[in-house]
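In what follows, a single structure is set out as structure tokens and then discussed.
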Amino acid sequence: MADETETTQIRAPANRRPQRRLGGLSLALLSGQDAGRVIAVRSREVLIGRGEHADLRLAADDISRKHAKIILDVDGIAKIVDLRSVNGTYVNGRQVEVEVLREGDRIRIGMKATLDVRYDYGADEETEEPSPEEPAVESITEQPRASRRPRAMQTIPATSLEPSELDPQRNFREAVAAYQRVLEMREQRLGPHHPSVAAVLIDIGNTLATQAEHAEAEQFFRRALTIYSSRRGGSDDDRIDTMIAIGECCLARGGHVDAAALLEPALRHRESDGSAPHALARVRFALARALGESGADPDRAQKLAKQARSECDDTDEQRHLMRSIDRWLATSARAS
Numbered sequence: 003m004a005d006e007t008e009t010t011q012i013r014a015p016a017n018r019r020p021q022r023r024l025g026g027l028s029l030a031l032l033s034g035q036d037a038g039r040v041i042a043v044r045s046r047e048v049l050i051g052r053g054e055h056a057d058l059r060l061a062a063d064d065i066s067r068k069h070a071k072i073i074l075d076v077d078g079i080a081k082i083v084d085l086r087s088v089n090g091t092y093v094n095g096r097q098v099e100v101e102v103l104r105e106g107d108r109i110r111i112g113m114k115a116t117l118d119v120r121y122d123y124g125a126d127e128e129t130e131e132p133s134p135e136e137p138a139v140e141s142i143t144e145q146p147r148a149s150r151r152p153r154a155m156q157t158i159p160a161t162s163l164e165p166s167e168l169d170p171q172r173n174f175r176e177a178v179a180a181y182q183r184v185l186e187m188r189e190q191r192l193g194p195h196h197p198s199v200a201a202v203l204i205d206i207g208n209t210l211a212t213q214a215e216h217a218e219a220e221q222f223f224r225r226a227l228t229i230y231s232s233r234r235g236g237s238d239d240d241r242i243d244t245m246i247a248i249g250e251c252c253l254a255r256g257g258h259v260d261a262a263a264l265l266e267p268a269l270r271h272r273e274s275d276g277s278a279p280h281a282l283a284r285v286r287f288a289l290a291r292a293l294g295e296s297g298a299d300p301d302r303a304q305k306l307a308k309q310a311r312s313e314c315d316d317t318d319e320q321r322h323l324m325r326s327i328d329r330w331l332a333t334s335a336r337a338s
């Protein structure tokens with residue numbers, strides 16, 4: 003069966019112009035035995051596909067020869083563009099044509115191949131023009147001690163380790179271990195208080211939360227919140243998202259008062275920053291649960307839950323949230 007393994011190859015095109023970055027872009031591969039390998043983007047444009055001319059080559063049948071490309075702007079912000087692929091390009095579970103990439107975004111190419119987006123904050127330097135031999139993308143994951151030099155060509159299985167597809171007894175722990183490898187590398191390279199470290203802590207917390215390991219997940223989320231709340235931490239969005247995640251963990255362990263203390267300010271911030279309605283639904287429903295299940299304010303809890311339901315949009319994640327709200331409202335009605 004070894005000869006049937008789907009692989010990823012990285013090639014080195016020429017003639018790329020210099021660029022100015024506020025922070026380098028890297029992609030963490032969530033795939034097979036090499037899940038956790040981190041690929042640094044070295045070019046203004048990176049072609050992704052299974053064709054021989056792709057910079058990031060994903061040799062899987064469900065991936066088009068020219069599937070998508072990543073474009074890195076002069077300010078260091080990246081976007082991904084779908085190139086009319088057969089099976090689509092997805093960001094955080096939503097099919098996209100063009101999408102600006104944020105720290106922690108999850109890219110899916112085709113049916114399974116999955117990449118995690120990472121920005122290295124704080125670097126503000128003019129990049130020199132690469133030589134024709136320099137790869138557009140390069141492995142920066144630490145190699146075994148015998149050979150730590152990054153290779154221009156990598157072979158990586160393209161099967162996904164997306165948490166929703168994990169075997170709870172095997173692949174779940176493989177995914178956590180992969181994230182732990184990325185975390186260790188980032189802490190060594192960037193220090194323990196860097197926003198890119200916090201982003202991996204969030205990934206570990208989310209993976210644990212999908213398996214109902216809420217107490218352990220909360221520990222990782224709280225570490226991330228400490229980083230995001232520091233002076234050099236991430237954006238307000240990062241901080242608020244992490245507060246919401248901790249609040250949901252508190253709910254899972256019955257800590258309704260602790261949850262409300264986090265979710266109230268998170269909701270106020272989301273309402274004041276002009277967030278889209280579907281972005282408000284998650285935090286609004288979490289706060290409804292905290293107030294309703296504790297008995298602190300059942301009437302407001304009902305109003306919040308109903309408003310959250312009306313804000314859900316037509317994505318898989320939001321439909322799942324809508325079903326959860328319906329079940330909660332039905333249970334609350336029976337209890338009253």
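Residue numbers (my numbering): 3 to 338. Here a beta-carbon is modelled for each residue, glycine too, at the ideal position from N, C-alpha and C. Computed from a prediction, not measured in an experiment: that's the story for all the values here.
Taking the Cβ atom as the reference point for each residue, do Leu103 and Lys81 lie within a distance shorter than 8 Å? A distance below 8 Å separates the beta carbons of Leu103 and Lys81.
Looking at chain B, is there any beta carbon in it that lies within less than 8 Å of the beta carbon of Ile327? Judged by its chain identifiers, the structure shown contains no chain B, having just a single protein chain.
Can you tell me the Cα-Cα spacing of Ala30 and Val48, whole angstroms? As the crow flies, the alpha-carbon of Ala30 is around 15 Å from that of Val48.
Bridge partner(s) assigned by DSSP for Thr91: Bridge partners of Thr91: Val98 and Ile111.
Rounding to the nearest angstrom, what Cα-Cα distance links Ala298 and Ile109 in this structure? Ala298 and Ile109 have their C-alpha atoms some 40 Å from each other.
Secondary structure at Leu32, three-state DSSP: helix, strand or coil? Leu32 falls in the coil class under three-state DSSP.
Expressed to the nearest angstrom, what Euclidean distance is found between the alpha-carbon atoms of Arg272 and Thr228? Those two C-alpha atoms are separated by around 20 Å.
Could you tell me the distance, in whole angstroms, from the CA atom of Ser312 to the CA atom of Ala62? Cα-Cα distance, rounded: 40 Å.
My output table needs one value for Leu27: the three-state DSSP class, helix, strand or coil. Strand.
If I measure Cβ to Cβ from Gly53 and keep anything under 7 Å in the same chain, skipping five residues before and after, which residues do I get? Shown here for Gly53: same chain residues with a beta carbon closer than 7 Å to its own, the five before and five after excluded, namely Arg67 and Lys68 in chain order.
In chain order, what residues of the same chain have a beta carbon less than 8 Å from the beta carbon of Asp188, not counting five sequence neighbours either side? The question names Asp, but residue 188 in the sequence shown is Arg. If we look at Arg188 and ignore the five residues flanking it on each side, its Cβ neighbours are His196, Ser198, Val199 and Val202.
Can you find the residues in the same chain that come closer than 8 Å, C-beta to C-beta, to Met245, ignoring five residues on each side of it along the sequence? Leaving aside the five residues that flank Met245 on each side, the residues in its chain whose CB is nearer than 8 Å to its CB run, in chain order, Leu227, Leu264, Leu265, Pro267 and Ala268.
Distance between His55 and Arg270 (C-alpha atoms, nearest Å): Rounded to the nearest angstrom, the two C-alpha atoms are 49 Å apart.
Beta-carbon within less than 7 Å of Ile327's beta-carbon, same chain only, minus the 5 sequence neighbours each way: which residues are those? Taking Ile327 as the centre and dropping the five residues before and after it, the same chain places the C-beta of Phe287, Ala307, Ala310 and Arg311 closer than 7 Å to its C-beta, in chain order.
How close, in whole Å, do the beta carbons of Ala389 and His216 come, if the pair is a contact with beta carbons under 8 Å? The structure shown does not extend to residue 389, since the chain spans only 3 to 338, so no value can be given for it.
Pick from Gly90, Ile79 and Gln97 that is closest to Tyr121, judged by C-alpha positions: Out of Gly90, Ile79 and Gln97, the CA that lies nearest to the CA of Tyr121 is found in Ile79.
Within the region 293–332, note down every full alpha helix (DSSP H) run reaching 4 residues or more, in order along the chain. If we require 4 residues or more, the alpha helix (DSSP H) runs fully inside the region 293–332 come out as 300–313.
According to DSSP, is His79 helix, strand or coil? Here residue 79 turns out to be Ile, not His, going by the sequence shown. Of the three classes helix, strand and coil, the one that applies to Ile79 here is coil, per DSSP.
Pair within 8 Å by beta-carbon distance, Gly242 and Glu220: Checking the sequence shown, residue 242 turns out to be Ile, not Gly. No, they are not a contact pair.
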